[in-house]
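Data block below; observations after.
There are 2 protein chains.
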Amino acid sequence: MTVKSLKDLNPGDATSRLTGCAANGTVRQGAEGGGMPKIVDREKMQAQILDAAMEVFLENGFHVTKMQDVARRAGLAKGTLYLYFKSKDAMLLALLQRYFEDIQTRISAIPAPQTLSQFFYALRLSMPVERMAATRLFFDVLGPGFEDPRAAQIIGAFFEWLASHYAAQFQGLADLGELRRDLTPHQAGEAVTAMLDGLVIHMAIFGADAETFETRRNATLAVLESGLRGG
Amino acid sequence: MTVKSLKDLNPGDATSRLTGCAANGTVRQGAEGGGMPKIVDREKMQAQILDAAMEVFLENGFHVTKMQDVARRAGLAKGTLYLYFKSKDAMLLALLQRYFEDIQTRISAIPAPQTLSQFFYALRLSMPVERMAATRLFFDVLGPGFEDPRAAQIIGAFFEWLASHYAAQFQGLADLGELRRDLTPHQAGEAVTAMLDGLVIHMAIFGADAETFETRRNATLAVLESGLRGG
DNA sequence: TCTTTTAATGACTTGACGGTCATTAATAAG
DNA sequence: CTTATTAATGACCGTCAAGTCATTAAAAGA
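Rendered as C-alpha cells:
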C-alpha cells in the first residue's frame, strides 16, 4: 500500500541494467580493467521470485503473505527481494501483469469458432477450475483496501480486452447467422464477460468443489447459449 | 483478524444486560438502594456504531479503516467501541449480518412475478447502482486475506438463499409456461444468481458510471431473459 | 591469490494499529 | 450534596510486518 507514483517496477537505476544481456542469461558489460563482479540475470531472477510469490499468494492471499514468506519460498533472504522489486506492491503489480498477459496469450491462440456451440465449448476449456484460486487472490487486491489503483486497472483492462475479444468472435458468428439480430456483438461480448465473472466468483465464494461448479456452469452456459441464439 | 471462536458478538456478560429494556430505549433494573448508574441502550448504541462503521467502511474499505476512524465518525472515543463490540472483526460480522438481513427482507417483500418480464423488471429494481460500493467492500472480506470464515459464510448464505428464492419464483413461472422445460427452476435460480453477481462485480471493478452499467445490464438481462424462455 | 565490483544477507528501524485499562465523567437515587 | 454505579475516555502497550543498510559472500579478471 501507500505506493503513489511508481514510475518503475524495478528498484535501482531506471534504465535497465540488462542492455547487454546475452541469450544464455548472463550479462557482460564493458570491462574497465581490475576485478569483475558477480553477475545475475535480473529478468530471470524476477521471474523466479514472481513464481514463488504467485505460489504463496495463491495459498494465503496477498495481505496475509509476508515478504518473509515469499523470500523463504524463493530460497532467498527478505532483503534480496528488494533488489528486484521496489516494494511488495510493485511485486504484485508485476505478477498481475504477467498473469493476465499469459491468459490473454492463451485465449488469443484459440481459433475463431464457426458456431455458437463451438464458442461455448472453447469457453469451458479456457475457464479451468484452477482459476478459482486466482480469483480469490484478486479479491484481496481489487477492493478499496488496496490503495494502488494500478491493480484494478490491470484486471479491468484484461476484462475490457476479453469483452472485445468475444465481441469480435460474435461478429463472425453474427455473419454466419448464429447470433440473434437484436444484440450487437459488442453487447453480447459484455454480457458473456459478466456471466463468466459471476460463475468463477461464485465458485470462489462458496469454495465449491469442481462437480458443483460444473453443474452450475452448465446450467448457466445453457441459458446463455440459447439466450444468444435468440428467442 | 485472528478471531477464532467468538461465541458472542458482544463483549462483557454473555447474557444480555437488556433483559429489562423498556420500549423507549432506556433500561431499568431492580434498585438495591443507594445511587443509581448512568444507563444506555446497548442495542441502540450498537446500531449507531454500525451506521458509522458502514459509512466509513463503504468509503475506504474494511482493512484501510481504523477503529479510530469509526470512533470519530460515531462521535465516540476508540475505547468506547470496545464496550459494544468485542473486536473490529466482531463489528464487521454484526454489520454484515444486519446488511444482508435487510436486503433479504426487502427482496422478500417483492410480490411473486406472473411473467418473466415482470421478474426481470423487479430484478432491476432490487439491484440498485448503490450496491456497487457494498460489493467493493465485500471484496475486502471475502478473499483469503480475511481469516475469519464467518464473513464468507454470511455472504455465502445470502446467495444461497437468493438462489433458492429465485428458484421458487421460477417454479411458479414454469407452471405458467413462462420458463423453458429443459432447465429445473433450481438450475435457473443458480444461473440468475451467478449472472447478477457478475454484473455488480463488473461495475465495482471498472468503477463504471451508472449509464455504462445500465447498458451492460440491459444487454445481459436481455440475453438472460430469452435464454430462460427457451430457444 | 588478490582485488574489484556487484549480489546477498538478516538484524534493525520505523511506523502503524488493534486492543487495554486506570482514570474521569455522567447519571440518578437518597 | 453525596454516593454508588456504570459509561466514556485516550494515553499507552504489544505486536507485527514492510523496508533499510552495514556487513559478508560470490564471481571473475589480472
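Quick mapping for you: the protein sequence lines, in order, are chains A and B.
Position 73 (the first sequence) corresponds to 78 in this note's numbering; numbering is contiguous.
Position 123 (the second sequence) corresponds to 128 in this note's numbering; numbering is contiguous.
Ideal Cβ placement from N, Cα and C applies to all residues, glycine included.
Just so we're clear, the structure is a prediction, and the values are computed from it rather than from any experiment.
Cβ-based neighbour list, residue i, same chain, cut-off 7 Å, excluding 5 preceding and 5 following
i: L233 (chain A); result: L121, L184, R185 and A193
i: Q174 (chain A); result: A117, P118 and F124
i: K93 (chain A); result: M72
i: V1 (chain B); result: What the structure shows of chain B is the stretch from 6 to 236, and residue 1 (chain B) is not part of that stretch, so it cannot be assessed.
i: G177 (chain B); result: A117
i: A127 (chain A); result: I115 and P118
i: I206 (chain B); result: T140
i: F143 (chain B); result: I160
i: T189 (chain A); result: none
i: A36 (chain A); result: Unreliable placement is indicated for A36 (chain A), whose pLDDT of 43 sits below 50; the coordinate value is still reported in the next sentence. Nothing listed; no residue qualifies.
Interface residues of chain A facing residue i [CB-CB closer than 7 Å]
i: F218 (chain B); result: Per Cβ cutoff of 7 Å: no residues; F218 (chain B) is ~10 Å from chain A at best.
i: R221 (chain B); result: E195 and A199
Residues that residue i contacts on chain B, provided the C-beta gap is smaller than 7 Å
i: D180 (chain A); result: Those do not exist, as D180 (chain A) stays about 19 Å from chain B at its closest Cβ, beyond 7 Å.
i: L204 (chain A); result: A199
Close-in-space but distant-in-sequence residues of the same chain around residue i (CB under 8 Å, 5 per side omitted)
i: L55 (chain B); result: M96, A99, L100 and R103
i: F164 (chain B); result: T198 and D202
i: I112 (chain B); result: S131, L167 and H170
i: L147 (chain A); result: A156, A157 and I160
i: A224 (chain A); result: none
i: D187 (chain A); result: G235
i: L86 (chain B); result: I54, M72, V75, A76, A79 and M96
Under 9 Å from the C-beta of residue i: neighbouring residues of chain B
i: V228 (chain A); result: R185, L188, Q192, A193, A196, V197, M200, V228, L229, G232 and L233
Contact set for residue i: own chain, Cβ-Cβ below 6 Å, skip 5 residues either direction
i: Q246 (chain B); result: The requested residue 246 (chain B) does not occur in the structure, where chain B is confined to residues 6 to 236.
i: R222 (chain A); result: L204
i: R155 (chain B); result: L98
i: G235 (chain A); result: R185
i: A209 (chain B); result: M137, T140 and R141
i: G30 (chain A); result: Reliability fails at G30 (chain A), whose pLDDT of 38 lies under 50, so the model's placement of it is uncertain and the value that follows must be treated cautiously. Excluding positions up to five away in sequence, the list reads D46 and K49.
i: M200 (chain A); result: L229
i: D145 (chain A); result: G66, F67 and H68
i: L226 (chain B); result: F125
i: A196 (chain B); result: none
i: T220 (chain B); result: none
i: A172 (chain A); result: P190, H191 and G194
Amino acids of chain B, ordered along the chain, whose beta-carbon sits closer than 8 Å to that of residue i
i: T225 (chain A); result: E195, A196, A199 and M200
i: H170 (chain A); result: What H170 (chain A) touches in chain B: nothing, since even the nearest Cβ is about 16 Å away.
Partners in chain A for residue i, counting only beta-carbon separations shorter than 9 Å
i: G1 (chain B); result: Chain B is shown from 6 up to 236; residue 1 (chain B) falls before or after that span and cannot be answered.
i: L167 (chain B); result: Here the premise fails: no neighbours, minimum Cβ distance about 11 Å.
Exercise. If you pair each beta-carbon of the region 218-233 of chain A with each one of the region 159-174 of chain A, do three or more pairs fall below 8 Å?
Worked result: no
Exercise. Should the region 154-163 of chain B be regarded as contacting the region 216-225 of chain B, the criterion being three or more beta carbon pairs within less than 8 Å?
Worked result: no
For this session: Flag this pair as touching only if the region 73-81 of chain A and the region 126-136 of chain A have three or more C-beta atom pairs under 8 Å; answer yes or no.
Result: no
Exercise. Looking at chain B, which residues of the region 92-118 of chain A have a Cβ within less than 9 Å of any of its Cβ atoms?
Worked result: none
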